[in-house]
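In my numbering, the protein residues as written are 11 to 148. Positions of the beta carbon are idealized from the N, C-alpha and C atoms, including for glycine.
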Amino acid sequence: MDELYGRDLVRLWWVDYAGVRRIRVVPARRMKENKNSRIGITPAALGMPAVQDTAPPLSKLSPVGECWLNPDWDHLIRYQLEESRRSVPFVPVTFHEVTEDISKATHISPWPYCPRSLLQRVTDNIKTEFGIEIRAGF
């Protein structure tokens with residue numbers, strides 16, 4: 011979190027199912043004030059193909075509802091956009107399902123369709139079943 015001091019904006023990023031890197035830019039002040047601050051997006055945004063502006067009908071990803079972008083502060087990276095400019099903080103996110111009132115939420119579980127969580131489950135299963143450890147950048 012100390013990496014955010016002196017920065018105006020934080021880039022929350024993820025890779026959707028079309029393989030497109032998506033970024034949501036939020037004020038760093040908001041993240042500094044509340045480390046557990048979450049940004050919501052519609053579930054359909056994760057499943058939109060690169061050549062279409064709606065999720066496929068059979069994808070089960072609805073334009074109704076919300077899932078949270080939960081920043082993974084342990085994997086914050088600094089990216090130098092240009093040599094003459096200062097570095098920019100990028101934070102990968104995990105998606106979490108919103109199933110109840112945010113003020114009453116005591117435990118937040120990962121959304122079943124979250125790409126990072128899905129990759130983690132697959133690599134854990136392969137390690138358990140076959141004893142093979144897979145490392146992947148995401």
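Worksheet item: Between which two residues does the alpha helix (DSSP H) carrying I136 extend?
Response: If you number the sequence shown from 1, residue 136 lands on position 126. Element bounds for I136: 125 to 140.
**Item:** Which residues DSSP lists as bridging R34, in chain order
**Value:** Residue numbering aside, residue 34 sits at position 24 when the sequence shown is read from its first letter. L22, per the DSSP bridge assignment.
Check your understanding: With a Cβ-Cβ cutoff of 7 Å, do W121 and C77 count as a contact?
Key -> Start at 1 with the first residue of the sequence shown, and residue 121 comes out as number 111. Start at 1 with the first residue of the sequence shown, and residue 77 comes out as number 67. Yes, these two residues count as a Cβ contact at 7 Å.
Margin query: Here's the rule: buried if 16 or more other CB atoms are within 10 angstroms of the residue's CB, otherwise exposed. What is F105?
Written below: Position 95 of the sequence shown holds residue 105. So F105 ends up on the buried side.
- Query: Residues bridged to L79 by DSSP?
  - Reply: Residue mapping note: residue 79 aligns to position 69 of the sequence shown, counting from 1. Beta-bridge pairing links L79 to I49, F105.
So, at 8 Å on beta carbons, what are the nonlocal neighbours of P37 in its own chain, with the 5 sequence-adjacent residues on each side left out?
Indexing the sequence shown from 1 puts residue 37 at position 27. Here the set comprises D18, L19, V20.
Bridge-paired residues (DSSP) for P120: If you number the sequence shown from 1, residue 120 lands on position 110. Beta-bridge pairing links P120 to H106.
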